[in-house]
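Inspection log for the structure reproduced underneath, given as C-alpha coordinates.
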Amino acid sequence: MYISESKVLVKFSIPIIISEVLRNSLLIMPAVFIGHRSSYELAAITLGNTYCNVTGWSLLIGLDSAIDTLCSQAYAAAKTLEEKKIVGKILQRGFVILACFCVLIYILWDYTEPILLLLHQDPGISRLSGVFTKYERLGLLPYILFECEKKLLQIQGMMYIPMFIILTALPLNALLHYFFIFSSWSPIPKDIAYIGSPFSTAITFTYMCIVGILYIKYVKGKDCWGGIDFNSIFDFKLWVEFLKLGIPGAFMVSNEWWAYEVCSLFAGILGDKQLAVQSIFSSITNYSYNIPLGLSMAATLRIGNNLGEKNAQKTHITSNISLTMAFIFGIFNSFILLIFRKQLPKIFTNNHKVIEACSKTLIIGAIYQLSDGLAGVGCGILRGSGHQKIGAYINFIGYWIIGLPLSALCCFVLKWDLNGIWVGMATALLIVSLLQLIKIFRIDWSEEVEVAAERFRKN
64 MYISESKVLV
74 KFSIPIIISE
84 VLRNSLLIMP
94 AVFIGHRSSY
104 ELAAITLGNT
114 YCNVTGWSLL
124 IGLDSAIDTL
134 CSQAYAAAKT
144 LEEKKIVGKI
154 LQRGFVILAC
164 FCVLIYILWD
174 YTEPILLLLH
184 QDPGISRLSG
194 VFTKYERLGL
204 LPYILFECEK
214 KLLQIQGMMY
224 IPMFIILTAL
234 PLNALLHYFF
244 IFSSWSPIPK
254 DIAYIGSPFS
264 TAITFTYMCI
274 VGILYIKYVK
284 GKDCWGGIDF
294 NSIFDFKLWV
304 EFLKLGIPGA
314 FMVSNEWWAY
324 EVCSLFAGIL
334 GDKQLAVQSI
344 FSSITNYSYN
354 IPLGLSMAAT
364 LRIGNNLGEK
374 NAQKTHITSN
384 ISLTMAFIFG
394 IFNSFILLIF
404 RKQLPKIFTN
414 NHKVIEACSK
424 TLIIGAIYQL
434 SDGLAGVGCG
444 ILRGSGHQKI
454 GAYINFIGYW
464 IIGLPLSALC
474 CFVLKWDLNG
484 IWVGMATALL
494 IVSLLQLIKI
504 FRIDWSEEVE
514 VAAERFRKN
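To convert a position in the sequence shown, counted from 1, into the numbering used here, add 63.
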(Lines of atoms letter the chains of each structure in order from A; the text may use other names.)
(Lines give C-alpha, C1' and ligand atoms only; values in the text may rest on other atoms or scores of the structure.)
Protein backbone atom coordinates (compact mmCIF):
# COMPACT_ATOMS: atom_id res chain seq x y z
CA MET A 64 0.00 0.00 0.00
CA TYR A 65 2.91 2.36 0.74
CA ILE A 66 4.40 1.90 -2.74
CA SER A 67 1.09 2.22 -4.59
CA GLU A 68 0.10 5.35 -2.65
CA SER A 69 3.55 6.88 -3.28
CA LYS A 70 3.06 6.32 -7.02
CA VAL A 71 -0.35 8.00 -6.91
CA LEU A 72 1.05 11.02 -5.04
CA VAL A 73 3.89 11.40 -7.55
CA LYS A 74 1.43 10.97 -10.45
CA PHE A 75 -0.79 13.71 -9.02
CA SER A 76 2.07 16.01 -8.00
CA ILE A 77 4.01 16.28 -11.28
CA PRO A 78 1.31 17.99 -13.41
CA ILE A 79 0.28 20.19 -10.46
CA ILE A 80 3.90 21.31 -9.95
CA ILE A 81 4.22 22.13 -13.66
CA SER A 82 0.87 23.97 -13.54
CA GLU A 83 2.09 26.09 -10.62
CA VAL A 84 5.35 26.93 -12.40
CA LEU A 85 3.35 28.00 -15.45
CA ARG A 86 0.90 29.97 -13.30
CA ASN A 87 3.80 31.80 -11.63
CA SER A 88 5.12 32.61 -15.09
CA LEU A 89 1.74 34.17 -15.90
CA LEU A 90 1.89 36.25 -12.74
CA ILE A 91 5.36 37.68 -13.43
CA MET A 92 4.42 38.67 -17.01
CA PRO A 93 3.29 42.20 -16.00
CA ALA A 94 6.62 42.88 -14.29
CA VAL A 95 8.57 41.62 -17.32
CA PHE A 96 6.78 43.85 -19.84
CA ILE A 97 6.15 46.96 -17.73
CA GLY A 98 9.69 46.74 -16.31
CA HIS A 99 10.99 47.29 -19.85
CA ARG A 100 8.74 50.33 -20.26
CA SER A 101 9.21 52.27 -17.00
CA SER A 102 10.75 51.56 -13.60
CA TYR A 103 8.28 54.04 -12.07
CA GLU A 104 5.30 52.15 -13.48
CA LEU A 105 6.93 48.88 -12.39
CA ALA A 106 7.04 50.21 -8.83
CA ALA A 107 3.35 51.16 -9.14
CA ILE A 108 2.18 47.73 -10.31
CA THR A 109 4.39 46.04 -7.71
CA LEU A 110 2.70 48.08 -5.00
CA GLY A 111 -0.68 47.46 -6.63
CA ASN A 112 -0.09 43.70 -6.74
CA THR A 113 0.92 43.74 -3.07
CA TYR A 114 -2.34 45.51 -2.24
CA CYS A 115 -4.32 43.02 -4.37
CA ASN A 116 -2.61 40.05 -2.72
CA VAL A 117 -3.39 41.31 0.78
CA THR A 118 -6.97 42.45 0.19
CA GLY A 119 -8.12 39.99 -2.47
CA TRP A 120 -6.21 37.05 -3.86
CA SER A 121 -5.12 35.63 -0.49
CA LEU A 122 -8.73 35.71 0.76
CA LEU A 123 -10.14 34.03 -2.35
CA ILE A 124 -7.50 31.29 -2.42
CA GLY A 125 -8.08 30.62 1.28
CA LEU A 126 -11.88 30.49 0.89
CA ASP A 127 -11.31 28.21 -2.08
CA SER A 128 -9.83 25.60 0.28
CA ALA A 129 -13.37 24.66 1.37
CA ILE A 130 -13.94 23.36 -2.17
CA ASP A 131 -10.81 21.19 -1.87
CA THR A 132 -12.09 19.59 1.33
CA LEU A 133 -15.74 19.13 0.38
CA CYS A 134 -15.30 18.04 -3.24
CA SER A 135 -12.43 15.58 -2.73
CA GLN A 136 -14.35 13.85 0.07
CA ALA A 137 -17.69 13.92 -1.78
CA TYR A 138 -16.26 12.50 -5.01
CA ALA A 139 -14.76 9.49 -3.25
CA ALA A 140 -17.83 8.96 -1.06
CA ALA A 141 -20.21 8.92 -4.05
CA LYS A 142 -21.18 5.39 -5.07
CA THR A 143 -23.39 6.20 -8.07
CA LEU A 144 -23.21 8.59 -11.01
CA GLU A 145 -26.09 10.56 -9.52
CA GLU A 146 -24.24 10.98 -6.22
CA LYS A 147 -21.15 12.22 -8.05
CA LYS A 148 -23.20 15.20 -9.26
CA ILE A 149 -23.05 16.45 -5.65
CA VAL A 150 -19.50 17.59 -6.52
CA GLY A 151 -20.90 19.89 -9.22
CA LYS A 152 -23.44 21.32 -6.77
CA ILE A 153 -20.69 22.07 -4.23
CA LEU A 154 -18.67 23.82 -6.95
CA GLN A 155 -21.66 25.93 -8.03
CA ARG A 156 -22.32 26.97 -4.45
CA GLY A 157 -18.63 27.66 -3.90
CA PHE A 158 -18.42 29.85 -7.01
CA VAL A 159 -21.43 31.95 -5.93
CA ILE A 160 -20.01 32.38 -2.42
CA LEU A 161 -16.63 33.42 -3.83
CA ALA A 162 -18.40 35.81 -6.23
CA CYS A 163 -20.15 37.45 -3.25
CA PHE A 164 -16.75 38.04 -1.63
CA CYS A 165 -15.57 39.48 -4.95
CA VAL A 166 -18.12 42.29 -4.50
CA LEU A 167 -16.36 43.30 -1.27
CA ILE A 168 -12.98 43.02 -2.98
CA TYR A 169 -14.24 45.20 -5.87
CA ILE A 170 -15.05 47.93 -3.34
CA LEU A 171 -11.67 47.62 -1.59
CA TRP A 172 -9.84 47.83 -4.92
CA ASP A 173 -11.83 50.92 -5.85
CA TYR A 174 -10.26 52.73 -2.88
CA THR A 175 -6.67 51.61 -3.45
CA GLU A 176 -5.21 55.11 -3.85
CA PRO A 177 -6.63 56.69 -0.65
CA ILE A 178 -5.76 53.59 1.39
CA LEU A 179 -2.17 53.60 0.10
CA LEU A 180 -1.91 57.32 0.88
CA LEU A 181 -3.06 56.60 4.43
CA LEU A 182 -0.15 54.15 4.61
CA HIS A 183 2.23 57.00 3.62
CA GLN A 184 3.09 55.61 0.18
CA ASP A 185 4.38 57.85 -2.62
CA PRO A 186 1.40 59.89 -4.00
CA GLY A 187 2.36 59.43 -7.66
CA ILE A 188 2.91 55.70 -7.34
CA SER A 189 -0.29 55.38 -5.28
CA ARG A 190 -2.28 57.08 -8.04
CA LEU A 191 -0.95 54.69 -10.71
CA SER A 192 -1.50 51.71 -8.39
CA GLY A 193 -5.10 52.82 -7.87
CA VAL A 194 -5.75 52.89 -11.62
CA PHE A 195 -4.03 49.50 -12.03
CA THR A 196 -6.13 47.76 -9.36
CA LYS A 197 -9.40 49.14 -10.77
CA TYR A 198 -8.69 47.33 -14.04
CA GLU A 199 -7.26 44.29 -12.23
CA ARG A 200 -10.83 43.66 -11.01
CA LEU A 201 -11.75 42.49 -14.52
CA GLY A 202 -9.87 39.25 -13.91
CA LEU A 203 -11.45 38.30 -10.58
CA LEU A 204 -14.54 36.37 -11.72
CA PRO A 205 -12.82 34.59 -14.65
CA TYR A 206 -10.05 33.52 -12.27
CA ILE A 207 -12.33 31.96 -9.66
CA LEU A 208 -14.44 30.30 -12.37
CA PHE A 209 -11.32 28.67 -13.85
CA GLU A 210 -10.24 27.60 -10.36
CA CYS A 211 -13.58 25.80 -9.96
CA GLU A 212 -13.18 24.14 -13.38
CA LYS A 213 -9.61 23.14 -12.50
CA LYS A 214 -10.73 21.52 -9.25
CA LEU A 215 -13.56 19.68 -11.04
CA LEU A 216 -11.02 18.15 -13.43
CA GLN A 217 -8.36 17.41 -10.80
CA ILE A 218 -10.84 15.74 -8.45
CA GLN A 219 -11.69 13.33 -11.28
CA GLY A 220 -7.99 12.56 -11.79
CA MET A 221 -7.50 14.72 -14.91
CA MET A 222 -4.41 16.54 -13.63
CA TYR A 223 -2.81 17.28 -16.99
CA ILE A 224 -5.75 19.15 -18.56
CA PRO A 225 -5.45 22.33 -16.41
CA MET A 226 -1.70 22.18 -17.00
CA PHE A 227 -2.16 22.19 -20.80
CA ILE A 228 -4.75 24.98 -20.59
CA ILE A 229 -2.33 27.20 -18.64
CA LEU A 230 0.48 26.21 -21.04
CA THR A 231 -1.50 27.47 -24.04
CA ALA A 232 -2.51 30.61 -22.12
CA LEU A 233 1.12 31.60 -21.49
CA PRO A 234 2.03 32.68 -25.07
CA LEU A 235 -1.40 34.31 -25.43
CA ASN A 236 -0.75 36.36 -22.30
CA ALA A 237 2.67 37.43 -23.60
CA LEU A 238 1.23 38.46 -26.99
CA LEU A 239 -1.57 40.43 -25.34
CA HIS A 240 0.90 42.24 -23.07
CA TYR A 241 3.03 43.18 -26.08
CA PHE A 242 -0.02 44.30 -28.07
CA PHE A 243 -1.56 46.50 -25.36
CA ILE A 244 1.70 47.96 -23.98
CA PHE A 245 4.04 48.33 -26.99
CA SER A 246 2.07 47.90 -30.22
CA SER A 247 1.16 50.97 -32.26
CA TRP A 248 -2.23 49.31 -32.91
CA SER A 249 -3.11 49.26 -29.21
CA PRO A 250 -6.35 51.13 -28.38
CA ILE A 251 -4.85 52.25 -25.05
CA PRO A 252 -3.11 55.69 -25.05
CA LYS A 253 0.66 55.41 -24.67
CA ASP A 254 0.79 57.49 -21.50
CA ILE A 255 -1.34 54.90 -19.65
CA ALA A 256 -0.26 51.81 -21.61
CA TYR A 257 0.57 50.02 -18.35
CA ILE A 258 -3.16 49.35 -17.81
CA GLY A 259 -2.85 46.98 -20.75
CA SER A 260 -1.43 44.50 -18.25
CA PRO A 261 -4.67 43.89 -16.28
CA PHE A 262 -6.61 43.82 -19.58
CA SER A 263 -4.23 41.12 -20.85
CA THR A 264 -4.57 39.14 -17.64
CA ALA A 265 -8.39 39.34 -17.67
CA ILE A 266 -8.58 38.21 -21.31
CA THR A 267 -6.18 35.35 -20.56
CA PHE A 268 -8.23 34.18 -17.55
CA THR A 269 -11.40 34.39 -19.67
CA TYR A 270 -9.75 32.28 -22.38
CA MET A 271 -8.78 29.68 -19.75
CA CYS A 272 -12.39 29.60 -18.49
CA ILE A 273 -13.83 29.07 -21.96
CA VAL A 274 -11.38 26.28 -22.84
CA GLY A 275 -12.08 24.58 -19.50
CA ILE A 276 -15.86 24.73 -20.04
CA LEU A 277 -15.57 23.40 -23.60
CA TYR A 278 -13.34 20.52 -22.49
CA ILE A 279 -15.68 19.51 -19.66
CA LYS A 280 -18.79 19.78 -21.85
CA TYR A 281 -17.57 18.15 -25.07
CA VAL A 282 -14.58 15.96 -24.18
CA LYS A 283 -14.47 14.62 -20.62
CA GLY A 284 -15.29 15.60 -17.07
CA LYS A 285 -19.06 16.16 -16.98
CA ASP A 286 -19.81 13.06 -14.88
CA CYS A 287 -19.90 15.33 -11.83
CA TRP A 288 -22.05 17.96 -13.49
CA GLY A 289 -25.83 17.71 -13.29
CA GLY A 290 -26.65 21.21 -14.51
CA ILE A 291 -27.26 24.41 -12.58
CA ASP A 292 -29.30 23.79 -9.42
CA PHE A 293 -30.54 27.05 -7.88
CA ASN A 294 -32.11 25.27 -4.90
CA SER A 295 -28.71 23.82 -4.02
CA ILE A 296 -26.82 27.04 -4.75
CA PHE A 297 -29.01 29.09 -2.41
CA ASP A 298 -29.35 26.52 0.37
CA PHE A 299 -27.98 28.84 3.05
CA LYS A 300 -27.56 26.02 5.59
CA LEU A 301 -24.95 24.61 3.22
CA TRP A 302 -23.40 28.08 2.89
CA VAL A 303 -22.73 27.90 6.62
CA GLU A 304 -21.04 24.50 6.19
CA PHE A 305 -18.90 25.93 3.37
CA LEU A 306 -17.92 29.03 5.34
CA LYS A 307 -17.01 26.96 8.42
CA LEU A 308 -14.14 25.66 6.29
CA GLY A 309 -13.65 28.62 3.95
CA ILE A 310 -13.26 31.47 6.45
CA PRO A 311 -10.59 29.67 8.55
CA GLY A 312 -8.97 28.71 5.23
CA ALA A 313 -8.86 32.40 4.27
CA PHE A 314 -7.19 33.24 7.58
CA MET A 315 -4.76 30.32 7.18
CA VAL A 316 -3.57 31.59 3.79
CA SER A 317 -3.75 35.29 4.69
CA ASN A 318 -1.69 34.89 7.87
CA GLU A 319 1.14 33.53 5.73
CA TRP A 320 0.80 35.83 2.70
CA TRP A 321 0.43 38.99 4.77
CA ALA A 322 3.51 38.11 6.81
CA TYR A 323 5.61 37.87 3.65
CA GLU A 324 4.26 41.22 2.44
CA VAL A 325 5.29 42.79 5.77
CA CYS A 326 8.78 41.39 5.16
CA SER A 327 8.83 43.27 1.85
CA LEU A 328 7.88 46.46 3.70
CA PHE A 329 10.74 45.84 6.16
CA ALA A 330 13.12 45.40 3.22
CA GLY A 331 11.87 48.64 1.66
CA ILE A 332 12.86 50.52 4.82
CA LEU A 333 16.44 49.23 4.39
CA GLY A 334 16.85 50.91 0.99
CA ASP A 335 16.87 50.15 -2.73
CA LYS A 336 19.73 47.63 -2.67
CA GLN A 337 18.20 45.52 0.09
CA LEU A 338 14.80 45.71 -1.61
CA ALA A 339 16.37 44.45 -4.84
CA VAL A 340 17.97 41.55 -2.95
CA GLN A 341 14.62 40.83 -1.30
CA SER A 342 12.86 40.77 -4.69
CA ILE A 343 15.40 38.35 -6.21
CA PHE A 344 15.49 36.16 -3.09
CA SER A 345 11.69 35.92 -3.04
CA SER A 346 11.53 35.05 -6.75
CA ILE A 347 14.05 32.21 -6.31
CA THR A 348 12.47 30.75 -3.17
CA ASN A 349 8.96 31.06 -4.66
CA TYR A 350 10.02 28.84 -7.54
CA SER A 351 11.67 26.34 -5.19
CA TYR A 352 8.37 26.19 -3.27
CA ASN A 353 6.52 24.87 -6.34
CA ILE A 354 7.60 21.30 -5.52
CA PRO A 355 6.16 21.17 -1.98
CA LEU A 356 3.16 23.20 -3.21
CA GLY A 357 2.34 20.59 -5.86
CA LEU A 358 2.82 17.83 -3.31
CA SER A 359 0.60 19.75 -0.88
CA MET A 360 -2.25 19.94 -3.40
CA ALA A 361 -1.87 16.26 -4.25
CA ALA A 362 -1.96 15.41 -0.53
CA THR A 363 -5.17 17.44 -0.13
CA LEU A 364 -6.86 15.46 -2.90
CA ARG A 365 -5.67 12.05 -1.69
CA ILE A 366 -6.48 12.72 1.98
CA GLY A 367 -9.96 13.89 0.98
CA ASN A 368 -10.47 10.91 -1.35
CA ASN A 369 -9.39 8.37 1.26
CA LEU A 370 -11.60 9.92 3.93
CA GLY A 371 -14.51 9.88 1.49
CA GLU A 372 -13.85 6.18 0.84
CA LYS A 373 -13.98 5.61 4.63
CA ASN A 374 -10.46 4.19 4.59
CA ALA A 375 -8.77 5.47 7.76
CA GLN A 376 -5.69 3.27 7.40
CA LYS A 377 -5.00 4.44 3.85
CA THR A 378 -5.49 8.08 4.90
CA HIS A 379 -2.91 7.62 7.66
CA ILE A 380 -0.48 6.09 5.17
CA THR A 381 -1.05 8.94 2.68
CA SER A 382 -0.34 11.49 5.41
CA ASN A 383 2.93 9.78 6.38
CA ILE A 384 4.09 9.35 2.78
CA SER A 385 3.32 13.01 1.97
CA LEU A 386 5.39 14.22 4.91
CA THR A 387 8.25 11.86 4.01
CA MET A 388 8.28 13.14 0.43
CA ALA A 389 8.21 16.73 1.72
CA PHE A 390 11.25 15.92 3.86
CA ILE A 391 13.13 14.44 0.87
CA PHE A 392 12.30 17.32 -1.49
CA GLY A 393 13.12 19.83 1.25
CA ILE A 394 16.65 18.42 1.50
CA PHE A 395 16.90 18.42 -2.32
CA ASN A 396 15.87 22.10 -2.51
CA SER A 397 18.35 22.97 0.26
CA PHE A 398 21.26 21.46 -1.67
CA ILE A 399 20.21 23.16 -4.93
CA LEU A 400 20.08 26.60 -3.27
CA LEU A 401 23.38 26.06 -1.48
CA ILE A 402 25.23 24.80 -4.55
CA PHE A 403 23.88 27.45 -6.96
CA ARG A 404 23.48 30.37 -4.54
CA LYS A 405 26.03 32.48 -6.45
CA GLN A 406 24.69 31.61 -9.91
CA LEU A 407 20.91 31.95 -9.41
CA PRO A 408 20.90 35.72 -8.64
CA LYS A 409 22.70 36.35 -11.96
CA ILE A 410 19.48 35.39 -13.76
CA PHE A 411 17.89 38.58 -12.38
CA THR A 412 20.70 41.15 -12.21
CA ASN A 413 24.26 42.01 -13.23
CA ASN A 414 24.91 44.12 -10.11
CA HIS A 415 27.79 42.38 -8.30
CA LYS A 416 26.93 43.81 -4.88
CA VAL A 417 23.32 42.64 -5.16
CA ILE A 418 24.47 39.19 -6.34
CA GLU A 419 26.89 38.87 -3.42
CA ALA A 420 24.30 39.98 -0.86
CA CYS A 421 21.65 37.67 -2.30
CA SER A 422 24.01 34.68 -2.29
CA LYS A 423 24.52 35.16 1.46
CA THR A 424 20.78 35.45 2.14
CA LEU A 425 20.18 32.29 0.08
CA ILE A 426 22.14 30.34 2.72
CA ILE A 427 19.30 31.14 5.13
CA GLY A 428 16.82 30.23 2.38
CA ALA A 429 18.52 26.87 1.96
CA ILE A 430 18.34 26.19 5.70
CA TYR A 431 14.58 26.70 5.92
CA GLN A 432 13.67 24.67 2.80
CA LEU A 433 13.06 21.58 4.93
CA SER A 434 10.60 23.29 7.28
CA ASP A 435 9.06 25.20 4.35
CA GLY A 436 8.31 21.93 2.55
CA LEU A 437 6.92 20.27 5.67
CA ALA A 438 4.77 23.33 6.45
CA GLY A 439 3.39 23.41 2.89
CA VAL A 440 2.48 19.73 2.85
CA GLY A 441 1.18 19.98 6.41
CA CYS A 442 -1.26 22.65 5.20
CA GLY A 443 -2.35 20.29 2.43
CA ILE A 444 -3.08 17.49 4.90
CA LEU A 445 -5.04 19.87 7.15
CA ARG A 446 -7.05 21.13 4.15
CA GLY A 447 -7.87 17.62 2.98
CA SER A 448 -9.12 16.65 6.43
CA GLY A 449 -11.04 19.89 7.02
CA HIS A 450 -8.79 21.30 9.76
CA GLN A 451 -8.39 24.80 8.28
CA LYS A 452 -9.19 26.40 11.65
CA ILE A 453 -6.22 24.68 13.33
CA GLY A 454 -4.03 25.69 10.38
CA ALA A 455 -5.11 29.33 10.79
CA TYR A 456 -4.20 29.31 14.50
CA ILE A 457 -0.83 27.68 13.80
CA ASN A 458 0.05 30.18 11.07
CA PHE A 459 -0.96 33.11 13.27
CA ILE A 460 1.26 31.89 16.11
CA GLY A 461 4.20 31.06 13.85
CA TYR A 462 4.21 34.12 11.61
CA TRP A 463 2.67 36.92 13.69
CA ILE A 464 3.44 36.03 17.31
CA ILE A 465 6.97 34.69 16.71
CA GLY A 466 8.23 35.27 13.16
CA LEU A 467 7.59 38.94 12.42
CA PRO A 468 8.58 40.30 15.87
CA LEU A 469 11.80 38.27 15.64
CA SER A 470 12.39 39.57 12.10
CA ALA A 471 11.99 43.17 13.29
CA LEU A 472 14.31 42.54 16.25
CA CYS A 473 17.06 40.92 14.17
CA CYS A 474 16.73 43.43 11.31
CA PHE A 475 16.43 46.77 13.08
CA VAL A 476 17.74 46.22 16.62
CA LEU A 477 20.54 43.71 16.01
CA LYS A 478 21.29 45.38 12.64
CA TRP A 479 21.36 42.11 10.69
CA ASP A 480 19.44 43.87 7.88
CA LEU A 481 17.81 41.55 5.31
CA ASN A 482 19.40 38.44 6.80
CA GLY A 483 17.70 39.33 10.08
CA ILE A 484 14.30 39.44 8.38
CA TRP A 485 14.76 35.93 7.04
CA VAL A 486 16.17 34.54 10.29
CA GLY A 487 12.82 35.53 11.79
CA MET A 488 10.81 33.96 8.96
CA ALA A 489 12.93 30.79 9.03
CA THR A 490 12.13 30.50 12.73
CA ALA A 491 8.43 31.04 11.95
CA LEU A 492 8.47 28.21 9.39
CA LEU A 493 10.19 25.91 11.88
CA ILE A 494 7.51 26.64 14.51
CA VAL A 495 4.68 26.24 11.97
CA SER A 496 6.00 22.91 10.68
CA LEU A 497 6.52 21.53 14.21
CA LEU A 498 3.03 22.56 15.38
CA GLN A 499 1.49 21.07 12.24
CA LEU A 500 3.33 17.78 12.76
CA ILE A 501 2.12 17.61 16.37
CA LYS A 502 -1.49 18.15 15.20
CA ILE A 503 -1.26 15.70 12.29
CA PHE A 504 0.28 12.90 14.37
CA ARG A 505 -2.52 13.32 16.92
CA ILE A 506 -5.36 13.06 14.38
CA ASP A 507 -7.69 10.09 14.87
CA TRP A 508 -8.29 9.14 11.23
CA SER A 509 -11.17 6.80 12.12
CA GLU A 510 -12.95 9.77 13.66
CA GLU A 511 -12.17 11.90 10.60
CA VAL A 512 -13.83 9.26 8.40
CA GLU A 513 -17.06 9.74 10.35
CA VAL A 514 -16.80 13.54 10.08
CA ALA A 515 -16.31 13.25 6.29
CA ALA A 516 -19.34 10.94 6.03
CA GLU A 517 -21.44 13.50 7.91
CA ARG A 518 -20.30 16.28 5.53
CA PHE A 519 -21.31 14.13 2.54
CA ARG A 520 -24.71 13.40 4.10
CA LYS A 521 -25.40 17.13 4.59
CA ASN A 522 -24.52 17.91 0.97
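Note that CB positions come from ideal geometry on N, CA and C, so glycine has one too.
Chain-order list of residues whose beta-carbon lies under 6 Å from that of residue i (same chain, five-residue window excluded)
i	result
residue 333	480
residue 432	393, 396 and 397
residue 309	126 and 129
residue 502	453
residue 87	none
residue 435	492
residue 274	228
residue 372	139
residue 73	none
residue 133	153
Three-state secondary structure assigned by DSSP to residue i
i	result
residue 202	helix
residue 372	coil
residue 182	coil
residue 341	helix
residue 310	helix
residue 477	coil
residue 412	coil
residue 594	For the chain, the structure presents residues 64 to 522; residue 594 sits outside this window and is missing.
residue 93	helix
residue 100	coil
residue 220	coil
residue 248	coil
residue 280	helix
residue 226	helix
residue 125	helix
residue 506	coil
Proximity below 8 Å, CB of residue i to CB of residue j
i	j	result
residue 369	residue 377	yes
residue 195	residue 257	yes
residue 202	residue 264	yes
residue 388	residue 443	no
residue 318	residue 463	yes
residue 289	residue 111	no
residue 107	residue 519	no
residue 138	residue 287	yes
residue 486	residue 458	no
residue 390	residue 437	yes
residue 156	residue 293	no
residue 461	residue 344	no
residue 153	residue 522	yes
residue 311	residue 451	yes
residue 325	residue 467	yes
residue 226	residue 81	yes
residue 251	residue 243	yes
residue 121	residue 248	no
residue 351	residue 400	yes
Environment of residue i [buried if 16+ CB atoms lie within 10 Å]
i	result
residue 64	exposed
residue 415	exposed
residue 103	exposed
residue 131	buried
residue 147	buried
residue 381	buried
residue 272	buried
residue 67	exposed
residue 347	buried
residue 177	exposed
residue 212	buried
residue 172	buried
residue 445	buried
Chain-order list of residues whose beta-carbon lies under 7 Å from that of residue i (same chain, five-residue window excluded)
i	result
residue 356	83 and 439
residue 114	175, 179, 192 and 196
residue 159	296
residue 340	417, 420, 421, 424 and 481
residue 268	202, 205, 206 and 209
residue 337	330, 480 and 481
residue 239	263, 266 and 267
Residues near residue i by beta carbon distance below 8 Å, same chain, minus five either side
i	result
residue 483	470, 472, 473, 474, 475 and 477
residue 364	75, 131, 135, 217, 218 and 447
residue 281	none
residue 221	283 and 284
residue 349	87
Minimum Cβ-Cβ distance from residue i to chain C less than 8 Å
i	result
residue 191	Of the protein chains in this structure there is only one, and it is not chain C.
Write down every uninterrupted run of the alpha helix (DSSP H) in the stretch 399-457 whose length is 4 residues or greater and which is fully enclosed by it, in chain order. Fully enclosed alpha helix (DSSP H) runs of 4 or longer: 415-430 and 432-447.
Ranges of the alpha helix (DSSP H) found wholly within the stretch 139-173, counting only runs of at least 4: For the alpha helix (DSSP H) assignment, the uninterrupted runs of no fewer than 4 residues enclosed by the stretch 139-173 are, from N- to C-terminal side, 144-173.
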